[in-house]
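Q: Chains as they are written, first to last, in my numbering: chain A, 1 to 491; chain B, 1001 to 1240. Would you mind keeping the following structure in view while I ask a few things?
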Amino acid sequence: MFGTTARCQVGWLGRDDEIVLQRRVFPGGEVMELSKDTLSLFGGPAWLLAKRVEAFEAAMALGVPEDSNELWRYSPIANLDIASYSPIEPDDSLGLTDSDTLHSPAFETFVNTLRTSVGGSSNVIVCSNGRVVSPYSNLDGENGYDGEGTSVSIATLSSSPDSFEGMPWSDQEYGSDQYPDYFAALNPALLNDALLIEVSPGSEVPQPLLVVHVIDQPFSLVFDRVFLHLGKGAKAAVVEVAYSPPGVDSLLVPVTEVGLDEGASLSYVSIQELGEACTQIGYQVSRLAKDAHLFSLSAAFGGGYTRVRTDCTLEGDGASSKLLAVYFATGEQVMDFRTLQRHRAPRTNSDLLFKGAVAGSSRSVYTGLIHMQKGSSGSEAFQTNRNLVLSEGAHADSVPNLEIEENDVKCSHASAVGPVDEEQRYYLETRGIPPEKADRLIVLGFFDDALDRVPIQGVSQDLRQVVHEKFARYSSIAEASNHGLLEQPER
Amino acid sequence: MLKISRLRAGLPHRMILDGIDLAIAPGEVHVVMGPNGSGKSTLAHVMMGKSDYLVHEGSISLDGNELISLPTWQRAQAGLFLAMQDPIEVPGVTTAAAIAAALLSRGVAASDLPVLLEEERIKVGLGKEFLDRSLNVDLSGGERKRNETVQLAVIKPKYAILDEIDSGLDVDALSLISRRIEHATQEWNLGVLAITHYKRLLNELKVDGVHVMVKGRIVESGGPELAAALDRSGYSEYLD
């Protein structure tokens, strides 16, 4: 396949002190600069091209982040060799229709398990390497691309681009560049497709919608973008999953934009089960109008270096959000979470709970900010990050922060990093439970404490299973290593 | 027989138990009373093998088997149980799951566990919902003690150390819990070492021995009448 299809590679070269995004086309060795003039290659109507150029310029202005930047502190961004990844060309049909991964038994089992977990919903939307596969009909012979009546409408950027014009592509909130950072700006500049899920006002979607992102093109730079928009009083649940086969070394830059109109309520779960060679730099952005409610859980298990930035803005009076995450890193994994709880309106409430475990020589990073802006009086915000450090070689950083510009607000933050609690272990031991079993109970319980709060039936059980399996794998490795059966990983 | 001999133990650099001798036969109830700081809770944790404490001298044996060198869980499996004064919160681990793990760890099939749990929680007046809640999380003092008693009754140890099982309990709860324990001394010959400040625990619990502990030593032993005397006059005569 490699010989017949054009592949391009992005490189960052320093030239005249400028970062130049370069495009090389194989085969043939033709080198072409990827610049605002060549962005039209990525297609779309005039407004989109303008958006691409604007975003591209913002990316160039922002520059590749450095770990001296507070929001990238503790991250291994300096080790990321961006030049080894290529954006997928618009005319590249690779992975679109005949992807081996989509038809692999492993993937079908994966998706069907998830579908069963969310209640057998037929609303499965698959995005393959940044493009919405439409329709995708290989799951139990059903059409997986079914909006189920008129209350939900699903559109793709490639087929009906004009539905996307009014979507929040950028935000003044991030200053004159309108994007939080380089990767967030590259997303609209270079994406091939996007998904829009809209729920009409007043309607309730009975079954959770399932969006599966598959990345299986090696060395590719994949941009996913999903807009979830719930009209006034609408109610829905969405589960988004990122999956890549083991060994696929790609860079995924997914952006999910949630917009909730007055009184709307969304339960949202994102599950990251990427293969360990994959890198992810992701964004979850939400804006809540008056009395809207968001439940969000981000579950991270896979990937090499994976990052999620969560920005939740409570824009309307009485809006509320629960922001949860569970993460479990083993081996050499690095998991990185940045959160922003932005309160702009009175009587808003946000409650954040991020819980993770690190084992082996893995690392996790959490930095978060509660920002009580002018006009947020009567609001409450909570921020809790708890980390279990299961091995001596593992490490977790946790930095919670508050910025308060309004009176009459209530904020609290807490963070903890430490091994399994000795008192908890002792308590279980006094019941006759051996320490290894006690630790297993405590670690799984630590996650259950968050997973039990997921309002989407079946999903918490599914995630619990993933945690159990990962813990079992980790324990057997740790045990083998304790008995000298495995060589210690090189540091 | 649970036998403690010449036990000297404490924290690093601080001796707390200064030569304890105590013997409890199956089915017997012994009460250890004493002022705050006399080392009663330390005795409970040293018996259980908590790693914070160092044993300098002496022996703790259960049916002739020395426990001192065993880790906590093996002492528990040998037949010892500690109902804690302040039971620890374990988020995400339910009472039912912990008891199931405790039985499975002993190789006991837990097939009739739901029935047992239901019977036992009713006996001590613990709400059904607590069995499926995280251990001790958001439980009142009284609920925690009921919960400890349910665990004790299902696990059925040979000997139970009750560290102030009566603190934080109202009269009704105290009555249910002490009755359950009294019944256990007959049902499976449970031996009990109860640490308490109050005589009221003895109302429903038939006591075989009362021991006064002061500054890490048992300074006086007697029958129930000793508890009554302490209740009237306190520990002042032992403290100087």
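All residues carry an ideal CB built from backbone N, CA and C; glycine is no exception.
Distance, Cα to Cα, Val-269(A) vs Val-1093(B)?
A: If you number the first sequence from 1, residue 269(A) lands on position 269. If you number the second sequence from 1, residue 1093(B) lands on position 93. Computed Cα separation, rounded: 23 Å.
Q: Output needed for Arg-363(A): all residues of its chain with C-beta closer than 6 Å, excluding positions within five of it in sequence on either side, in chain order.
A: Against the first sequence, residue 363(A) aligns to sequence position 363. For Arg-363(A), where only same-chain residues beyond five positions count, the Cβ hits under 6 Å are Val-334, His-395.
Q: What distance in whole Å lies between the Cβ atoms of Leu-1201(B) and Asp-1166(B), which are believed to be in contact at a cut-off of 8 Å?
A: Residue numbering aside, residue 1166(B) sits at position 166 when the second sequence is read from its first letter. Residue numbering aside, residue 1201(B) sits at position 201 when the second sequence is read from its first letter. Rounded, the Cβ-Cβ distance is 4 Å, consistent with contact.
Q: Comparing alpha-carbon positions, which option in Gly-1027(B), Val-1029(B), Ile-1020(B), Met-1033(B) lies nearest Glu-1164(B)?
A: Looking up residue 1164(B) in the second sequence gives position 164. The shortest C-alpha separation from Glu-1164(B) is found at Met-1033(B).
Q: Exposed or buried, which one is Gln-1151(B) when buried takes at least 16 other CB atoms within 10 Å?
A: Residue numbering aside, residue 1151(B) sits at position 151 when the second sequence is read from its first letter. It counts as buried.
Q: Residues bridged to Arg-425(A) by DSSP?
A: Mapped onto the first sequence, residue 425(A) falls at position 425. The partner list for Arg-425(A) (beta bridge, DSSP) is empty, contrary to what the question assumes.
Q: Identify which residue in Leu-314(A), Ala-329(A), Lys-355(A) has its Cα closest to the Cα of Arg-546(A).
A: The shown model of chain A, from 1 to 491, leaves out residue 546(A), and the question about it has no answer.
Q: Along the chain, where does the alpha helix (DSSP H) containing Leu-1230(B) start, and where does it finish?
A: Your numbering for residue 1230(B) matches position 230 in the second sequence. Residues 1224 to 1233.
Q: Distance cutoff 8 Å, beta carbons only. Does Met-1001(B) sit that close to anything in chain A?
A: As a first step, residue 1001(B) must be located in the second sequence, where it is residue number 1. Met-1001(B) does not count as touching chain A.
Q: Determine the extent of the beta strand (DSSP E) in which Thr-310(A) is found, giving its start and end residues.
A: Residue mapping note: residue 310(A) aligns to position 310 of the first sequence, counting from 1. Run containing Thr-310(A): 305 to 314, per the beta strand (DSSP E) assignment.
Q: Could you work out which residues of chain B lie near Leu-434(A), taking near to mean beta carbons separated by less than 9 Å?
A: Residue mapping note: residue 434(A) aligns to position 434 of the first sequence, counting from 1. For clarity, residue 434(A) is Pro in the given sequence; the question names Leu instead. The contacting residues are Pro-1071, Trp-1073, Gln-1074, Gln-1077, Ser-1105.
Q: Counting only Cβ pairs nearer than 8 Å, list the residues of chain A close to Ala-1098(B).
A: Reading the second sequence from its first residue, position 98 is the one you call residue 1098(B). Going along chain A in sequence order, the residues near Ala-1098(B) (Cβ under 8 Å) are Leu-428, Arg-431, Ile-433, Leu-441.
Q: What does DSSP give as the partner residue(s) for Ile-281(A) in the beta ladder?
A: Working through the first sequence from its first residue, we reach residue 281(A) at position 281. The partner list for Ile-281(A) (beta bridge, DSSP) reads Arg-307(A).
Q: So, at 7 Å on beta carbons, what are the nonlocal neighbours of Lys-1040(B) in its own chain, with the 5 sequence-adjacent residues on each side left out?
A: In the second sequence, residue 1040(B) corresponds to position 40, counting from 1. Counting only Cβ-Cβ distances below 7 Å, and skipping sequence neighbours, we find Val-1032, Gly-1034, Ile-1195, Met-1213.
Q: What does Glu-423(A) reach in chain B if we use C-beta pairs closer than 7 Å?
A: Locating residue 423(A) in the first sequence gives position 423, where the first residue counts as 1. Per Cβ cutoff of 7 Å: Ile-1088.
Q: Identify the contact partners of Leu-1082(B) in chain A, using a Cβ-Cβ distance below 7 Å as the criterion.
A: The residue you call residue 1082(B) lines up with position 82 of the second sequence. Going along chain A in sequence order, the residues near Leu-1082(B) (Cβ under 7 Å) are Thr-430.
Q: Mind listing the chain B neighbours of Asp-448(A)? Cutoff is C-beta to C-beta under 7 Å, in chain order.
A: In the first sequence, counting from the first residue as 1, residue 448(A) sits at position 448. Correct list: Gly-1092.
Q: When you compare the CB of Ile-1195(B) with every CB in chain A, is at least one pair closer than 8 Å?
A: The residue you call residue 1195(B) lines up with position 195 of the second sequence. Closer than 8 Å: no.
Q: By how many angstroms is the C-alpha of Leu-352(A) removed from the C-alpha of Asp-311(A)?
A: On the first sequence, residue 311(A) is found 311 positions in, with the first residue counted as 1. On the first sequence, residue 352(A) is found 352 positions in, with the first residue counted as 1. Going by the C-alpha atoms only, they are around 12 Å apart.
Q: Output, in chain order, the set of chain A residues within a Cβ distance shorter than 7 Å of Met-1048(B).
A: If you number the second sequence from 1, residue 1048(B) lands on position 48. The contacting residues are Thr-430.
Q: So with Cβ pairs under 8 Å, would you call Gly-304(A) a contact of chain B?
A: Along the first sequence, read from residue 1 onward, the residue named residue 304(A) stands at position 304. By this cut-off, Gly-304(A) is not an interface position.
Q: Quick check: Val-248(A) and Leu-186(A), are their CB atoms within less than 8 Å of each other?
A: Indexing the first sequence from 1 puts residue 248(A) at position 248. Indexing the first sequence from 1 puts residue 186(A) at position 186. Result no, Cβ atoms of Val-248(A) and Leu-186(A) do not sit closer than 8 Å.
Q: Compare the Cα-Cα distances from Tyr-366(A) to each of Glu-70(A), Leu-39(A), Val-64(A), Val-53(A) and report the closest residue.
A: Counting from 1 along the first sequence, the entry for residue 366(A) is found at position 366. Here the closest residue by C-alpha is Glu-70(A).
Q: Please identify, using Cβ separations under 7 Å, the residues of the stretch 1151 to 1166 of chain B that lie next to chain A, in order along the chain.
A: Those residues of the stretch 1151 to 1166 of chain B that come within reach of chain A (Cβ to Cβ, closer than 7 Å) are Gln-1151, Ile-1155.
Q: Would you say Leu-444(A) reaches chain B, if we count a Cβ-Cβ gap shorter than 8 Å as a contact?
A: Position 444 of the first sequence, counted from the start, is the residue given in the question as residue 444(A). Yes, its Cβ sits closer than 8 Å to a Cβ of chain B.
Q: What are the boundary residues of the alpha helix (DSSP H) that includes Tyr-182(A)?
A: What you label residue 182(A) is simply residue 182 of the first sequence in a count that begins at 1. Unbroken alpha helix (DSSP H) run through Tyr-182(A): 182 to 190.
Q: On a Cα-Cα basis, can you pick out the residue from Ile-477(A), Gln-207(A), Ser-200(A) that is closest to Gly-233(A)?
A: Looking up residue 233(A) in the first sequence gives position 233. Checked all of Ile-477(A), Gln-207(A), Ser-200(A); the closest Cα to Gly-233(A) is Ser-200(A).
Q: Can you tell me whether DSSP reads Val-1150(B) as helix, strand or coil?
A: Position 150 of the second sequence, counting from 1, holds the residue named residue 1150(B). Looking at Val-1150(B) - three-state DSSP - the assignment turns out to be helix.
Q: Hey, Glu-198(A) and Thr-1072(B): beta-carbon distance below 8 Å or not?
A: Counting from 1 along the first sequence, the entry for residue 198(A) is found at position 198. Counting from 1 along the second sequence, the entry for residue 1072(B) is found at position 72. Cβ distance not < 8 Å, so Glu-198(A) and Thr-1072(B) don't count as in contact.
Q: Which residues does DSSP list as the beta-bridge partners of Pro-400(A)?
A: For the purposes of this step, residue 400(A) is taken as the residue at position 400 of the first sequence. In DSSP, Pro-400(A) forms a bridge with Gly-368(A).
Q: Using only CA atoms, which one of Gly-418(A), Ala-329(A), Arg-344(A), Leu-390(A) lies nearest to Ser-377(A)?
A: The count along the first sequence starts at 1 and reaches residue 377(A) at position 377. For the residues Gly-418(A), Ala-329(A), Arg-344(A), Leu-390(A), the minimum Cα distance to Ser-377(A) belongs to Arg-344(A).
Q: Below 8 Å CB to CB, which residues in the same chain sit around Pro-246(A) once its five sequence neighbours on both sides are set aside?
A: In the first sequence, the residue the question calls residue 246(A) occupies position 246. Excluding positions up to five away in sequence, the list reads Gly-275, Glu-276, Ala-277.
Q: Helix, strand or coil: which one does DSSP assign to Thr-1094(B)?
A: Taking the second sequence and counting its residues from 1, the one referred to as residue 1094(B) is at position 94. The answer is strand: DSSP assigns Thr-1094(B) an E or B state.
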